[in-house]
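First residue of the sequence shown? That's -14 in my numbering, and the numbers climb one at a time after it.
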Amino acid sequence: MNIFVYIFFGLFVAVTIAELIMAFNELEKPRMILKPFSMLFLAIAAIIALPNHPLIYIGAFLGMIGDIFLLWPKNKKLFLAGATSFLIGHTFYISEIIHIMFQGQSLAWWFYVVVSFGVLLFVLAFYPMSKKLCGDRYLTLVGNTYIAVLILVSIVSTIACFKGFTNYMVLGIIGGISFLASDLILIQATFVKDFKRRDYYIMLFYLLGQALIVSGLVLTYVFAA
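See the structure below:
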């Protein structure tokens, strides 16, 4: 693998550690300046590793954009924009996992119907509770759709493991769960009750999730696919 992949992934790790230290000590101003660079370096590492698989690094770049929007989590419009960025990014990750499993072959039409129905069912089932929490119907719809797609990351990664990509797709399973934990903490802190060092816990699980999902995809292509 290209040495620059290791260099930029190392920069991702270094910035992540620095940001977590700042978050733990609640040094908000320098942390907000540093925050977008973690995903920037991870995306660049993915570009160098797999330049012919844009969905992976575009998904990571969308994570960076989402990070920028969520610098102001109390602003509902920016929160909605951030959730939308992450939603599209995870859709790209899922597309790449499916591409790995089926080697680029077309899927049956009913697959898309089943997935769409499952997402819609999740969105509607949790709509009343989510609407009560955030008080905004658009944010509720996008947020519920995003959570459903995020859960799909782990589900599709699990299916990939059963299809023989166990070594690296397991990272996607753990990454999806870690990402979900981060978002549940974010929801708690933003819409229910804030708490001390919230950003430390949010970013810890978020950056771990991003690293595992992207690494799982890259390593699968490089060593297993």
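Idealized CB from N, CA, C, for every residue including glycine.
Per the C-alpha coordinates, the member of 192, 138, 23 positioned closest to residue 76 is 138. Residue 68 counts as buried, since at least 16 other C-beta atoms from the protein chains shown sit within 10 angstroms of its C-beta. Sequence-distant Cβ neighbours of residue 123 in its own chain, meaning closer than 7 Å and more than five residues away, are 65. Under the criterion of beta carbons closer than 8 Å, residue 154 and residue 103 do not qualify as touching, at roughly 20 Å. Contact between residue 164 and residue 135 holds, with the beta-carbon distance rounding to 6 Å and staying under 8 Å. According to the DSSP assignment, residue 7 belongs to the alpha helix (DSSP H) that extends over -12 to 9.
Straight-line measurement puts the Cα of residue 46 at about 31 Å from the Cα of residue 114. For the 8 Å CB-CB criterion, residue -3 and residue 27 form a contact.
Under the 10 Å beta carbon count, residue -14 is surrounded by fewer than 16 other beta carbons and is classified as exposed. In this structure the stretch 157 to 174 touches the stretch 186 to 194; the number of beta carbon pairs closer than 8 Å is three or more. By the Cβ neighbour-count rule, residue 52 is buried, with 16 or more other Cβ atoms within 10 Å of its own. Cβ neighbours of residue 29 within its own chain (closer than 7 Å, five residues either side excluded): -7. Distances from the alpha-carbon of residue 88 to those of 58, 131, 156, 149 put 149 closest. A Cβ-Cβ distance of about 6 Å is found for the pair residue 85 and residue 205, placing them in contact under the 8 Å criterion.
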